[in-house]
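Single-structure report; data block below.
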Amino acid sequence: MRESAVLGVSGGMPIVERVKRFLQSPSGRRLTDQGRRMAADPRNRERARGMLTRFRRR
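Just so we're aligned, residue -16 is where the sequence shown starts under the working numbering, counting upward by one.
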């Protein structure tokens, strides 16, 4: 069985194109906006920094 069939990825479109199309869709834009709002919150930034620090130590 092909790897693409196992992963559920269609063979006709490269993954970068699929991601680009999703980000341009209404739901992709909604998620992008939500991510920007979350990233603007100083508490979330500090939380992310702490997680990155812990991850890098391993």
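Even glycine gets a Cβ: it sits at the ideal position worked out from N, Cα and C.
The alpha helix (DSSP H) that contains residue i, what's its start and end?
i   : result
D16 : 9 to 23
Cutting at 7 Å between CB atoms, please list the residues of its own chain near residue i, excluding the five before and the five after it.
i      : result
L(-10) : Any reading at L(-10) is ruled out, since the residue's pLDDT is 49, under 50, leaving its predicted position unreliable.
Taking 8 Å as the cut-off, decide whether the C-beta atoms of residue i and residue j are in contact.
i   : j   : result
M21 : N27 : yes
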